[in-house]
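Visitor:
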Amino acid sequence: MACGGRLPAIALPANVLEMDDERLNQHITDSSVAFYHDQPKDLQVEAVSVLARGQNCFVRAGTGYGKTRISEMFFNMFHRKAVVLVLNPLDSLGDDQVREKALVNITAINLNKMTLNFETVQKIKKGCYSFIYLSPEVFLNSSLFTSMFFSSEFQKVLALMVVDEAHMIYLWGLVASRQSKTTASFDRIQDRAVFRPSYGCMATRLMATNNVPLLLLSATCRPIAVEAIRNNLWLLPEDLTIVNGELTRPEIRFIRITMQATLKSCDDLLRLYAPSTKVPAGKVVPTIIYSGTRNATFQVMKVVNEARHTKWHEYDPKDEFIRRYHSCTGEEDQAANMLDYSNDDFPLMSATMALGLGQNLKRVRCVVHMGRGDPSAIVQMVGRCGRDGSTGLGILFMEPKRALGKNAIEDFDEGPQGEDDRMDALAVTPVCLRIALTVDNHQ
Numbered sequence: 100m101a102c103g104g105r106l107p108a109i110a111l112p113a114n115v116l117e118m119d120d121e122r123l124n125q126h127i128t129d130s131s132v133a134f135y136h137d138q139p140k141d142l143q144v145e146a147v148s149v150l151a152r153g154q155n156c157f158v159r160a161g162t163g164y165g166k167t168r169i170s171e172m173f174f175n176m177f178h179r180k181a182v183v184l185v186l187n188p189l190d191s192l193g194d195d196q197v198r199e200k201a202l203v204n205i206t207a208i209n210l211n212k213m214t215l216n217f218e219t220v221q222k223i224k225k226g227c228y229s230f231i232y233l234s235p236e237v238f239l240n241s242s243l244f245t246s247m248f249f250s251s252e253f254q255k256v257l258a259l260m261v262v263d264e265a266h267m268i269y270l271w272g273l274v275a276s277r278q279s280k281t282t283a284s285f286d287r288i289q290d291r292a293v294f295r296p297s298y299g300c301m302a303t304r305l306m307a308t309n310n311v312p313l314l315l316l317s318a319t320c321r322p323i324a325v326e327a328i329r330n331n332l333w334l335l336p337e338d339l340t341i342v343n344g345e346l347t348r349p350e351i352r353f354i355r356i357t358m359q360a361t362l363k364s365c366d367d368l369l370r371l372y373a374p375s376t377k378v379p380a381g382k383v384v385p386t387i388i389y390s391g392t393r394n395a396t397f398q399v400m401k402v403v404n405e406a407r408h409t410k411w412h413e414y415d416p417k418d419e420f421i422r423r424y425h426s427c428t429g430e431e432d433q434a435a436n437m438l439d440y441s442n443d444d445f446p447l448m449s450a451t452m453a454l455g456l457g458q459n460l461k462r463v464r465c466v467v468h469m470g471r472g473d474p475s476a477i478v479q480m481v482g483r484c485g486r487d488g489s490t491g492l493g494i495l496f497m498e499p500k501r502a503l504g505k506n507a508i509e510d511f512d513e514g515p516q517g518e519d520d521r522m523d524a525l526a527v528t529p530v531c532l533r534i535a536l537t538v539d540n541h542q
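Adding 99 to a residue's 1-based position in the sequence shown gives its number in my numbering.
Dropping the structure here:
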C-alpha cells in the first residue's frame with residue numbers, strides 16, 4: 100500500500116521528487132504538452148501529481164473526460180523501464196486499449212488465456228511491455244500470472260496499478276455479500292462483466308506490492324460506492340485521495356419515453372425508424388441500441404428491420420443497416436463489426452453493455468436504452484455518444500410499471516434508497532434527468 104513519503108521499488112527521478120507542488124504540476128503539464136501536443140486538463144495534472152507523491156488516487160469524472168490518459172502521463176515521467184498494470188472488467192476492453200496505446204507508440208499487451216504463457220511472462224519481466232491489461236479472472240486465478248506478479252523482477256519494474264471502471268469492485272462486492280440475489284437492477288443488465296464472488300475480495304492482491312500507488316478510475320461511482328470500495332481495499336481515508344471532475348455530460352440531451360409495448364417485444368422501436376425507401380441507411384444517425392439481455396439484441400434487430408420493411412435482414416451478418424455485439428458473439432465477428440461500424444459501413448449497433456465500457460467510439464451520436472436499469476449503468480452507456488465533443492442524444496425507453504417495483508412518486512419513502520429504488524426513481528421522477536443523475540452521483 101502506497102502512502103505519502105514512502106518510495107516504491109521503481110521511483111521517479113530524484114529531481115522530480117524534490118519539486119514542490121507548483122513546480123511538479125508545471126513539470127507534469129510541460130511533459131504532457133511535449134508528448135500529446137495539447138494542454139492537459141487540470142484534473143489530469145492533479146491526479147498525476149498525487150501519484151507522483153506515492154499516494155493512492157480515486158478519479159471520478161464523466162465518460163470521455165480523458166481518465167485513461169492519466170496513467171500514460173504518469174508513465175511518461177519515468178526515465179527507466181516501468182510497467183503499468185491495468186485491471187479491466189472485460190477482456191475486450193484490453194484489446195481496445197492495446198490498439199490505442201499503439202497509436203502513441205506505447206507497447207502494451209492484453210493478458211488472457213490466449214496470450215498468457217511462459218514466453219510472454221519472460222518478456223514482461225524484461226520490460227518489453229509498458230502497459231499490461233488483464234481481467235480479474237487472470238489477476239486472481241492464473242497461477243502463471245501469480246508467480247510472475249510476486250517475482251522480484253516484476254516488482255522492481257511495477258510503477259503503477261490501475262483499476263479501470265472501479266465501480267465494478269462495488270458490484271463484485273455485492274455478489275460476494277449475496278446482496279445481488281435480492282437486487283432486481285443487478286440482473287437487468289447482462290455483460291457488465293463476468294461476475295465471480297471472489298472478485299469482490301481483490302484487496303489482498305492489489306495491496307501486495309512494494310509501495311506501488313493505486314489509481315482507481317470511474318465515471319459512475321457514488322460516494323456510498325466509493326466508501327464501500329475503500330473498505331473493500333482496506334484503505335484508511337487518509338490513504339486514498341479523491342479527485343472529482345465533472346460527472347455529467349452537458350453536450351448530451353436525455354429524453355425519457357414511456358413504453359407502450361412490452362420490454363420483451365421491443366416494439367417501441369417501431370416509432371424511431373422509417374422504411375428504407377424513405378430514409379436510406381446513409382441518412383440515419385449513428386446509434387447504439389442497448390438491451391439488458393443478449394437475446395434481446397436479436398429482437399431489437401428484428402423490430403428495426405420490421406420498421407424498415409427489410410424482412411429477414413437480421414439474419415445477414417453483413418447487413419448495411421444494423422448488426423449486433425455482445426459478450427458471446429465470436430471474437431472475429433466482434434472485431435469485424437467494430438471495424439465496419441467505425442468505418443461508417445452501417446449506422447446501428449444492437450448491443451449489451453459489453454460494447455462501450457472504456458471504449459472510445461467517437462462516431463456515435465445517439466444511444467437508445469431499452470427498459471429500466473441501474474442509473475450508473477445507463478450513464479455509462481449513454482456516455483458512448485458525443486465523445487468527440489459534438490452533441491449527443493440519449494433516448495431512454497422506460498416501462499410505466501415494474502412488478503414489485505415503485506411506479507409512482509408516492510411509493511418512495513424518505514431516507515436511504517436501495518439500488519432498485521434508484522432504478523425506479525429514474526423512470527418516474529419529474530425532475531430534469533441530468534439534474535437527477537447529478538444528485539444521484541453525489542449521494
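All C-beta atoms in this analysis are idealised placements derived from N, C-alpha and C, irrespective of residue type, glycine included.
Note that the coordinates shown come from a computational prediction; the quantities given were computed from them, not determined experimentally.
Got a sec? Which residues, its chain only, sit under 6 Å from residue 399 by beta carbon, not counting five neighbours each side?
Guide: 365, 388, 390, 449
Visitor: Are the Cβ atoms of residue 305 and residue 235 separated by less than 8 Å?
Guide: no
Visitor: For the alpha helix (DSSP H) that residue 247 lies in, which residues bound it at each end?
Guide: 242-248
Visitor: Excluding sequence positions up to five away, which residues of its chain have a Cβ less than 6 Å from the Cβ of residue 525?
Guide: 474
Visitor: Considering just the uninterrupted stretch of the alpha helix (DSSP H) at residue 501, what are its terminal residues?
Guide: Premise fails: residue 501 is in no alpha helix (DSSP H) and is neither H nor E.
Visitor: Buried or exposed: where does residue 349 fall if 16 or more other Cβ atoms within 10 Å of its Cβ makes it buried?
Guide: exposed
Visitor: For residue 511, which residues in the same chain have their Cβ closer than 7 Å to its Cβ, ignoring the five residues on either side in sequence?
Guide: 505, 520, 524
Visitor: For the structure I just gave you, are there three or more beta carbon pairs, one from the region 341-361 and one from the region 159-169, closer than 8 Å?
Guide: They touch, by the three-pair rule.
Visitor: Would you kindly check if the distance between the Cβ of residue 205 and the Cβ of residue 545 is under 8 Å?
Guide: With the chain covering 100 to 542 only, the question about residue 545 has no answer from this structure.
Visitor: Figure out for me which residue from 353, 481, 414, 126 has the closest Cα to the Cα of residue 318.
Guide: 481
Visitor: Are there 16 or more other CB atoms within 10 angstroms of the CB of residue 91, so buried, or fewer, so exposed?
Guide: This structure leaves residue 91 out entirely; the chain is present only between 100 and 542.
Visitor: What do you get for residue 311, buried or exposed, if any count of 16 or more other CB atoms within 10 angstroms of its CB means buried?
Guide: Flag for residue 311 reads buried.
Visitor: Return the Cβ separation of residue 340 and residue 375 in integer angstroms, given the expectation that the two are a contact with Cβ distance under 8 Å.
Guide: In fact, because the Cβ distance is near 54 Å, the residues do not count as touching under 8 Å.
Visitor: I need the straight-line Cα distance from residue 193 to residue 209, nearest angstrom please.
Guide: 5 Å
Visitor: Is residue 207 near residue 197, with beta carbons less than 8 Å apart?
Guide: yes
Visitor: Have a look at residue 404 and residue 395 and give me their C-alpha separation to the nearest angstrom.
Guide: Inter-residue distance for residue 404 and residue 395 is about 14 Å (C-alpha atoms, whole angstroms).
Visitor: Taking three-plus beta-carbon pairs below 8 Å as touching, is the region 488-495 in contact with the region 459-474?
Guide: yes
Visitor: From residue 121 to residue 264, what distance separates their C-alpha atoms?
Guide: In this structure, the alpha-carbon of residue 121 lies about 30 Å from that of residue 264.
Visitor: Whose C-beta lies closer than 8 Å to the C-beta of residue 463 among residues of the same chain, with five residues either side of it excluded?
Guide: 385, 386, 387, 483, 484, 485, 486, 491
Visitor: Helix or strand or just coil, what does DSSP make of residue 425?
Guide: coil
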